[in-house]
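Novice: What the sequence shown shows, in my numbering, is residues 1 to 453, in sequence order.
The C-beta atom is built at its ideal place from N, Cα and C for all residues, glycine as well.
Next up is a structure, given as structure tokens.
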Amino acid sequence: MAESNLESPVCPLEYRYGKDRMKAIFTEANKLAKFLEVEAALAEAHAELGNISEEDAKTIRANANLDSVKVEEVNAIEAQIKHDVMAVVKAMAAKCGDAGKSIHLGATSNDIIDTGTALQLKEAVEIIREDLVALKKSLLALAEKHKNTIQVGRTHGQFAVPTTFGLKMAVYGAEVARHIERLDQGKERLLVGKMTGAVGTGAALGPEALKIQEIVMEKLGLKPEEASLQIIGRDRYIEFISILANIATSLEKFATEVRNLQRSEIKEASEAFDTKKQVGSSTMPNKKNPITSENICGLARITRGFLLPTFENNILWHERDLCNSSGERFILPHACVLADDIITKMTNVFDNLAVMPENMKKNLESSNGLIMGESVMIALAKKGLGRQEGHEIVRKAAMKAVSEGLTLKDVLAEDETVTKTLSKGELEDALNPENYTGSAAEIVDNILKKYGD
1 MAESNLESPV CPLEYRYGKD RMKAIFTEAN KLAKFLEVEA ALAEAHAELG NISEEDAKTI
61 RANANLDSVK VEEVNAIEAQ IKHDVMAVVK AMAAKCGDAG KSIHLGATSN DIIDTGTALQ
121 LKEAVEIIRE DLVALKKSLL ALAEKHKNTI QVGRTHGQFA VPTTFGLKMA VYGAEVARHI
181 ERLDQGKERL LVGKMTGAVG TGAALGPEAL KIQEIVMEKL GLKPEEASLQ IIGRDRYIEF
241 ISILANIATS LEKFATEVRN LQRSEIKEAS EAFDTKKQVG SSTMPNKKNP ITSENICGLA
301 RITRGFLLPT FENNILWHER DLCNSSGERF ILPHACVLAD DIITKMTNVF DNLAVMPENM
361 KKNLESSNGL IMGESVMIAL AKKGLGRQEG HEIVRKAAMK AVSEGLTLKD VLAEDETVTK
421 TLSKGELEDA LNPENYTGSA AEIVDNILKK YGD
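Spelled out as structure tokens, the structure:
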């Protein structure tokens, strides 16, 4: 084999998965920009309290940007001193002249890292929220359109009783709405910064340490950490990644349903397929595979995989150690990029979903009426026949219909108890799937009213 090109990307996020808007949040450049923003806010807080001159704060603010402090410069310094935040401080100080002495005053590295990360996550959360709103809108549009589109309900992979495709979509839409609520509630605990120094006492910041922290966070649009040892509580990250994992699990469930409904023997809904150019298989020209839904399922599993190390990152020695740092460099960017990617893909699947009511009708009819067994049992019960007796009558009739290749109607029409209890018209009504979707349409309306925009 040819010698590998070490300049080629290794991580699939670099060349295959993810959207540029989310990736941009977690670039080295944007991370540096956020660190510089935090340092500038710290200097301004010191100036407000008279700890440094306003002129120094203005100089620091003027240089707290990527035009002045460049990623390449910071990386070159870090290569020499082996400390990422100190490299930022040195690069920034070199541009600020005498004001450089006032940079990072009283702070520790994680004051900058954790607060800068909160600023990145603030941007990421807004994108994920927008994604979820778009997905909810797509699902509710399908729910409204197919409110009365009857299909086979399936439990244990077997025919159950009739339902509607609209109800299925309404259930999914409500689930996404709950994820939006979780994200909104969770970000109140996630978007938090700290500025209390080496072990969280604020000693190096002086007697007004908590005031400095308050001013910094107000400038940055974050909440101050209530109390910390040296880093922001990682229970906050656990909650956030758990929310993303929960979202990913819902998406895998939705995508799995699309994949199942697209199965050749079911064929009730399918992903869009470009019949002019798209190739389904390298060897079978006829194939139209649910590749986007399968991709969502695979990436959802990777997203959930970040849960375990996120939990473990909350277990540190004493005030802190560095075991969490390397893992979080993977976890936070990857989880956010993957969540954005698969939510967007799922929305695209539902926006362009081919729904096939005629095939739904064929599948209903293929049960030879067996799917309406419960309906007949309930009809008998309403006429005064005991529920248990009705159940046994219909059960025996269903078993006979299956074994002899008959319809349920044919067998029930020969049962003396059934014919004495139900008229021919009543039996036909009980066997009509259109008469047995219960409150499905009303439930859809309720979901649309509660969650529709």
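Along the chain, where does the alpha helix (DSSP H) that runs through Ala-47 open and close?
Specialist: Taken as a continuous stretch (DSSP letters only), the alpha helix (DSSP H) holding Ala-47 covers 28–48.
Novice: Kindly indicate the opening and closing residues of the alpha helix (DSSP H) around Ile-343.
Specialist: Looking at the DSSP string, the run of the alpha helix (DSSP H) that includes Ile-343 is 323–351.
Novice: Since Val-69 is in the beta strand (DSSP E), which residue starts that stretch and which ends it?
Specialist: Note, Val-69: premise wrong, no beta strand (DSSP E); not H, not E.
Novice: Let me know the beta strand (DSSP E) ranges lying completely inside the stretch 102–136, each 3 residues or longer, listed in chain order.
Specialist: Those beta strand (DSSP E) runs which fall completely within the stretch 102–136 and span 3+ residues do not exist here.
Novice: By the 10 Å Cβ neighbour count, where 16 or more other Cβ atoms means buried, how is Met-399 classified, buried or exposed?
Specialist: By the 10 Å Cβ count, Met-399 comes out exposed.
Novice: Does the beta-carbon of Val-279 have 16 or more other beta-carbons within 10 angstroms, so that it is buried, or is it exposed?
Specialist: Classification for Val-279: exposed.
Novice: Please classify Thr-417 as buried or exposed, where buried requires at least 16 neighbouring CB atoms within 10 angstroms.
Specialist: Exposed, since its Cβ has fewer than 16 Cβ neighbours within 10 Å.
Novice: Compute the beta-carbon to beta-carbon distance between Ile-127 and Met-22, rounded to the nearest angstrom, for a pair I have assumed lies under 8 angstroms.
Specialist: Indeed they touch by this definition, with Cβ atoms about 6 angstroms apart.
Novice: Pop quiz: Ala-174 and Tyr-451 are said to be a contact at Cβ under 8 angstroms. What is the actual Cβ separation, rounded to whole angstroms?
Specialist: So it is a contact: roughly 6 angstroms between Cβ atoms.
Novice: Taking all protein chains shown into account, do 16 or more other C-beta atoms lie within 10 angstroms of the C-beta of His-46, making it buried, or fewer, making it exposed?
Specialist: When all chains shown are included, His-46 counts as buried.
Novice: How should Phe-306 be labelled, buried or exposed, when 16 other C-beta atoms within 10 angstroms of its C-beta is the threshold for buried?
Specialist: That one is buried.
Novice: Answer with buried or exposed for Pro-285, where buried requires no fewer than 16 other C-beta atoms within 10 angstroms of its C-beta.
Specialist: Exposed: under 16 other Cβ atoms inside 10 Å.
Novice: Applying the criterion that 16 or more other CB atoms from any shown protein chain within 10 Å of the CB defines a buried residue, is Arg-304 buried or exposed?
Specialist: Under this definition Arg-304 is a buried residue.
Novice: Specify the secondary structure class of Arg-154 as computed by DSSP and reduced to three states.
Specialist: Looking at Arg-154 - three-state DSSP - the assignment turns out to be strand.
Novice: What is the residue span of the alpha helix (DSSP H) that Gly-425 lies within?
Specialist: 424–430 is the span of the alpha helix (DSSP H), which, as asked, contains Gly-425.
Novice: Counting only the same chain and skipping the five closest in sequence on each side, list residues whose C-beta sits under 6 angstroms from that of Val-216.
Specialist: Excluding residues within five positions, the ones whose Cβ falls inside 6 angstroms are Ala-41, Leu-42, Ala-45, Met-195.
Novice: Is Ile-342 closer than 7 angstroms to Ala-300 when the C-beta atoms are compared?
Specialist: A contact, by the Cβ cut-off of 7 angstroms.
Novice: If I follow the unbroken alpha helix (DSSP H) through Asn-419, where does it start and stop?
Specialist: The sequence given here places Thr at residue 419; Asn does not occur at that position. It spans 416–421 - the alpha helix (DSSP H) in which Thr-419 sits, taken as one unbroken run.
Novice: Between Glu-271 and Gln-262, which are expected to be in contact by the criterion C-beta below 8 angstroms, what is the C-beta distance as a whole number of angstroms?
Specialist: The pair is a contact, with the Cβ atoms about 7 angstroms apart (cut-off 8 angstroms).
Novice: When we look at the beta-carbon of Ser-375 and count the other beta-carbons within 10 Å, is it buried (16 or more) or exposed?
Specialist: Answer is buried; the Cβ neighbour count reaches 16.
Novice: Between which two residues does the alpha helix (DSSP H) holding Pro-309 run?
Specialist: That run of the alpha helix (DSSP H) goes 307–312.
Novice: From Thr-115 to Leu-316, what does the alpha carbon distance come to, in whole angstroms?
Specialist: For Thr-115 and Leu-316, the distance between alpha carbons rounds to 19 angstroms.
Novice: In the DSSP assignment, find the alpha helix (DSSP H) that holds Asp-20 and state where it starts and stops.
Specialist: Per DSSP, Asp-20 belongs to the alpha helix (DSSP H) from 20–25.
Novice: What span of residues does the alpha helix (DSSP H) with Gln-458 cover, start to end?
Specialist: Residue 458 lies beyond the stretch modelled for the chain, which goes from 1 to 453, so this question has no answer here.
Novice: Can you tell which of Ala-397, Asn-432, Gly-425 has its C-alpha closest to the C-alpha of Glu-365?
Specialist: Of the candidates Ala-397, Asn-432, Gly-425, the one whose C-alpha sits nearest the C-alpha of Glu-365 is Asn-432.
Novice: Where DSSP assigns a beta bridge to Thr-256, which residues make up the other side?
Specialist: According to DSSP, which records beta bridges pairwise, Thr-256 is partnered with nothing at all.
Novice: May I ask you to report which of helix, strand or coil DSSP gives Pro-9?
Specialist: Reduced to three states, the DSSP call for Pro-9 is coil.
Novice: With distance defined between alpha-carbon atoms, name the residue in Met-360, Leu-370, Leu-220, Ala-203 nearest to Ala-118.
Specialist: The option with the nearest alpha carbon to Ala-118 is Leu-220.
Novice: Taking only runs that begin and end inside the stretch 195–250, name each unbroken alpha helix (DSSP H) of 4 or more residues, in chain order.
Specialist: List check, alpha helix (DSSP H) in window: 209–220.
Novice: Helix, strand or coil, according to DSSP, for Thr-59 in the structure here?
Specialist: Helix at Thr-59.
Novice: Is the stretch 58–73 touching the stretch 203–215 in the sense that three or more CB pairs, one from each, lie closer than 8 angstroms?
Specialist: Cβ pair count under 8 angstroms is below three, so no.
Novice: Alpha carbon to alpha carbon, what distance is there between Met-360 and Ala-2?
Specialist: Any reading at Ala-2 is ruled out, since the residue's pLDDT is 47, under 50, leaving its predicted position unreliable.
Novice: Going by DSSP, what residues sit across from Ser-270 in a beta bridge?
Specialist: Paired residue(s): Ala-354.
Novice: Do three or more CB pairs link the stretch 219–236 to the stretch 182–191 at distances below 8 angstroms?
Specialist: Taking 8 angstroms as the limit for Cβ pairs, the verdict is that the stretch 182–191 does touch the stretch 219–236.
Novice: Go to Met-372, then tell me how far its alpha helix (DSSP H) extends in each direction, as first and last residue.
Specialist: From DSSP, Met-372 is part of no alpha helix (DSSP H); its letter is neither H nor E.
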